[in-house]
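Working notes for the structure below.
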Amino acid sequence: MTTPTIKEVRSKYYNYNFNIKTGFFARWGETYKDDPDFSPIGPEIADIEISTICSGPFGKRCAFCYKNDTSLVEKNMSLKTFKKVFNNINVQKNLCQVALGIGDVDGNPDLIPIMRFIRENNVVPNITVNGAKLDEIFEDKTYAKHFSELCGAISVSNYNDELCFNAVKKLTDLGMEQVNIHQIVASQTIDDCIKLLDKVKEDDRLSKLNAVVFLSYKNKTDYKGLTPLLFFYKYEQMINKALDNKVSIGFDSCGANKFIDYLSDKPHLRGLEMFAEPCESGLFSVYINVDGHFFPCSFSEGKGNWKNGIDVVNTENFIQDIWFGDKVKEWRNTLISNKRNCPMYKI
């Protein structure tokens, strides 16, 4: 059942409630204590890349970008193709949110029409931006204004304080409540992560920030400047700083098991486990690249058994042929048997 506010699914072993306005989501199985292994009706959230056109926040592609190991051809997904992908993976009205993957906000002229289409289908569009070009005009409004009216949540990648913090202020001043900062966690960045948690308390531009979302670094490319975080005590310092400063934080699902490890000897915090969702790729979420091809997640694209994806645009039955296809079932079984720890990267 879907209303303008609530989307819900009910069955014997798989149920969820999703609040379209606030983003609150709860999933359970036969009872509230049961946690389903995967969604039998298709993904709840889709990460869909609609553009590979990116000049970087300062006019140059970032050396650490995990897309740099591919033979990148700059291209866009059209609104027509997006509709095919969306309708194929949402045939059972299973989708709650779509995260749009872009480089430059003005790279794909169909970005705003795509967001409108998503909203028209009672699904929430979200996006991550680099903070640049938010004042560029599309039709009669700035991109920042369009985002404030259409997005459920928006994250600003932290390339430097000025660009990031000013973008956060711009978006929150427009009334957005779900504005986050994306911060990469790596051995070389962990001290900056800890310092950022002090800046959130001190800088007025971040007074309405929703949360700092920490992204675990995955060495998908040959870039030597960053390496996955090696020292757990530094990770603990980061979480302790967030708790001490009362700064709201989040993680990509790649880092959820590390957070659960942090909670293991802290019984007074164990209630936070229910908010930690380990890797859900191919279980509850899906990644579709700009060509309309399925991969479990964006970091699996071109790696291991996923050198090539699965065509979603031309599928006749997404659930039967892809979601329950042999290749995806093999991935799903591997991930579940690995306790939803990433089978591709050491995190």
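Quick note: the sequence shown uses my numbering, first residue -4, plus one each step. Ideal placement from N, C-alpha and C gives every residue a C-beta, glycine not left out.
Item	Value
For Val195, three-class secondary structure by DSSP	helix
Length of the line joining the Cα atoms of Lys324 and Ile317	9 Å
Secondary structure of Phe133, DSSP reduced to three states	strand
Own chain residues within Cβ distance below 8 Å of Arg114, not counting five before or after	Pro120, Leu145
Beta-carbon proximity list for Gly51, same chain, < 6 Å, skipping 5 on both sides	Cys57
Coil, strand or helix - Val118 by DSSP	coil
Integer Cβ distance of Gln92 from Val124, believed to fall under 8 Å	Their Cβ separation, rounded to whole angstroms, is 16 Å, which puts Gln92 and Val124 out of contact at 8 Å.
Coil, strand or helix - Ser143 by DSSP	helix
Rounded distance between the beta-carbons of Lys78 and Val285, thought under 8 Å	Incorrect: roughly 15 Å between the Cβ atoms, too far for contact.
Exposed unless 16 or more other CB atoms sit within 10 angstroms - verdict on Lys2	buried
Contact check, Ala21 vs Leu90, beta carbons under 8 Å	no
Backbone CA spacing between Glu44 and Pro291 [nearest angstrom]	13 Å
Beta-carbon gap between Gly24 and Tyr8 smaller than 8 Å	yes
Residues that DSSP places opposite Phe246 in a beta bridge	Phe209
Coarse secondary structure for Glu268, derived from DSSP in three states	helix
Contact check, Gly98 vs Ser293, beta carbons under 8 Å	no
Coil, strand or helix - Glu44 by DSSP	strand
Per-residue burial, Met269 [other beta carbons within 10 Å of its own, 16 or more giving buried]	exposed
Own chain residues within Cβ distance below 8 Å of Pro31, not counting five before or after	Tyr8, Tyr9, Arg22, Trp23, Gly24
Rounded separation between Ile331 and Phe227 - CA only	24 Å
Inter-residue Cα distance where the pair is Leu267 and Lys190	23 Å
Three-way DSSP call (helix, strand, coil) for Thr123 in this model	strand
Contacting residues, own chain, Cβ-Cβ under 6 Å from Lys203 (five flanking each side not counted)	Thr167
Contact belief for Gly102 with Ser143 at Cβ below 8 Å, rounded distance in angstroms	That pair is no contact at about 20 Å.
Coil, strand or helix - Gln178 by DSSP	strand
Contact check, Asp193 vs Asn240, beta carbons under 8 Å	yes
DSSP bridge partner residues for Thr(-3) (one or two, in chain order)	Lys2
Same chain, Cβ closer than 6 Å to Lys16, neighbours up to 5 away in sequence not counted	Thr0
Assigned secondary structure, Ser332 (DSSP; H/G/I helix, E/B strand, else coil)	helix
Alpha carbon of Gly320 to alpha carbon of Asn333, nearest angstrom	20 Å
Contained alpha helix (DSSP H) runs [length at least 4] in the stretch 290 to 314, N- to C-terminal order	none
Straight-line Cα distance separating Asp306 from Pro35	20 Å
Start and end residues, alpha helix (DSSP H) containing Ser74	Per the sequence presented here, residue 74 reads as Leu, with Ser not at that position. That run of the alpha helix (DSSP H) goes 74 to 84.
C-beta atoms of Val208 and Gly245 nearer than 8 Å	yes
Rounded C-alpha distance that separates Phe112 from Ser259	43 Å
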